[in-house]
Amino acid sequence: MINFFLSYSNNDHNKIIAIDKAAQKKPYNFKPIIVAYSKKHGVPLTEKVKEGILSTPYFVPIITKNSINNQWVNQEIGFAFASNKTILPIIEKNIINNLKGFIHNQIDLPFTYVSNITNSIKESYSFRKCYLELFKHLSIINKIIFDSKIRMKNNILEIRYSFKGNLLNGFFDNKVINLETGKHFWVIDPDTLDNSKSNTPGNLHGHQNIKDKLVNFSTVGLSLGKYRMFSRIYEHDIETNKRYVIAEKIHEFEIS
121 MINFFLSYSN NDHNKIIAID KAAQKKPYNF KPIIVAYSKK HGVPLTEKVK
171 EGILSTPYFV PIITKNSINN QWVNQEIGFA FASNKTILPI IEKNIINNLK
221 GFIHNQIDLP FTYVSNITNS IKESYSFRKC YLELFKHLSI INKIIFDSKI
271 RMKNNILEIR YSFKGNLLNG FFDNKVINLE TGKHFWVIDP DTLDNSKSNT
321 PGNLHGHQNI KDKLVNFSTV GLSLGKYRMF SRIYEHDIET NKRYVIAEKI
371 HEFEIS
């Protein structure tokens, strides 16, 4: 059974109820982890939160005008990021430009809904459409197997990855961040993996099983220090022009 941790403001509890009810019905049968429902008596709230986040690979914060400055929500996001969890935020569109920190408007944010102060029915419909897209995404990524390994050899970083599954217009990339300066760059994608005319680099369409694909790039010229690399497989919905992170591996290396 797929489970995911829900992080939210108490002022958005009605949204949590809606997600919880929908997630546990067919065809999904997911199990949201909601700390407020935990029956572990005598266990401090902080421990319940940590246990809940660590018990699942998926962390779903509900980011709204009620939660954007909520201390608990922001600390939970930080803990989830430090724990290398896959973070899948649901975000109120009206506040996207106000986001700062680990979740901000310069990264892919495909799960958004439109708030409506004057029409709660329209807002509920938009929110429902949003979390059902998230459920679809969770269903897909649990059918995908993706692995990547890295090795520093002289001044060359070797990235070796494997993929098994079935994606429509899937592609991959590697984002590298200097942990000391915060600067980031993208490792050049290998050649397109088929003869598709798609504009998406590293197209995986039609490839269900790729083993030990090797990518190399030179680290000559990069500043000394520690780096974090995110190797990701995406699915690109051409109709909506949205990109969804299907799978991710995080590696760290050092240039000395």
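First residue of the sequence shown? That's 121 in the working numbering, and the numbers climb one at a time after it.
Glycine included, each C-beta is placed from N, C-alpha and C at the ideal position.
Cut-off 7 Å between Cβ atoms - residues of its own chain near residue i, not counting five sequence neighbours on either side
i    : result
S338 : N275 and I276
N315 : Annotation note: pLDDT 41 at N315 (below 50); position unreliable, coordinate value reported separately. The answer is none, since no qualifying residue turns up.
K362 : P230
K145 : none
G285 : K263, I264, I265 and Q328
D332 : R280 and S282
K160 : K168
S158 : K168
Contact set for residue i: own chain, Cβ-Cβ below 8 Å, skip 5 residues either direction
i    : result
N336 : I276, L277, E278 and I279
S132 : Here residue 132 turns out to be Asp, not Ser, going by the sequence shown. Taken in chain order, the residues that qualify are I182, T184, N186 and S187.
R271 : L277, E278 and R280
H304 : K295, V296, I297 and N298
A142 : Y148, R248, Y251, L252 and F255
L165 : V155
N319 : The pLDDT assigned to N319 is 46, lower than 50, so where the model puts this residue is not dependable; a value taken from the coordinates is nonetheless given after this. Same-chain partners within the cutoff: there are none.
A138 : S244, F247, R248 and Y251
Selection from the options that minimises the alpha carbon distance to residue i
i    : options                   : result
L229 : N262, L208 and N236       : L208
Y245 : F305, F255, K273 and Y233 : Y233
Q191 : N239, R248, L254 and S127 : S127
P177 : L258, S282, K269 and F350 : L258
H356 : D293, K303 and M349       : D293
A202 : F222, I137 and K331       : F222
S282 : A142, D267 and F125       : D267
I173 : N189, V163, H161 and V155 : V155
N214 : E243, G198, T206 and Q195 : E243
L219 : T206, G198, F247 and N189 : N189
S240 : N134, F350 and N123       : N134
E253 : K273, Q195, Y148 and F125 : Y148
K269 : Y157, I122 and M349       : M349
I260 : K273, I353, A142 and F125 : I353
F199 : V307, F125 and S351       : F125
E368 : W306, T206 and I330       : T206
S175 : H224, S351 and I122       : I122
W306 : S351, A138 and I136       : S351
8 Å contact criterion, which residue i and residue j should meet: CB distance rounded
i    : j    : result
K183 : E212 : One detail in the question is off: residue 183 reads as Ile in this sequence, not Lys. The pair is a contact, with the Cβ atoms about 7 Å apart (cut-off 8 Å).
V180 : I216 : The Cβ separation is near 17 Å, so there is no contact.
I370 : N204 : 5 Å
F373 : F255 : 35 Å between Cβ atoms; not a contact.
V193 : S235 : That pair is no contact at about 17 Å.
I264 : I366 : 5 Å
E392 : V169 : What is shown of the chain runs 121 to 376, which leaves residue 392 out entirely.
Minimum Cβ-Cβ distance from residue i to chain C less than 8 Å
i    : result
V155 : The structure shown contains no chain C; it is built from a single protein chain.
Contacting residues, own chain, Cβ-Cβ under 6 Å from residue i (five flanking each side not counted)
i    : result
N375 : The identity of residue 375 in the sequence shown is Ile, whereas the question assumes Asn. So the list reads T339, L342 and L344, once near-sequence residues are dropped.
Y364 : P230, H257 and E355
E167 : none
D140 : P152
L334 : R280
H224 : none
heavy atom of the ligand ZN below 7 Å from residue i C-beta
i    : result
F125 : As presented, the structure is devoid of all ligands, the ligand ZN included, so that no description of it is given.
message: Whether or not the region 341-358 and the region 298-306 are in contact is what I'm after, with contact meaning three or more pairs of Cβ atoms, one per stretch, closer than 8 Å; do they touch?
response: yes
task: Would you mind listing the alpha helix (DSSP H) stretches within the region 167-232 that are 4+ residues and don't spill past its ends, in chain order?
output: 191-202
- prompt: At which residue ranges does the region 236-274 contain complete alpha helix (DSSP H) runs of 4 or more residues, listed in the order of the chain?
  reply: 240-261
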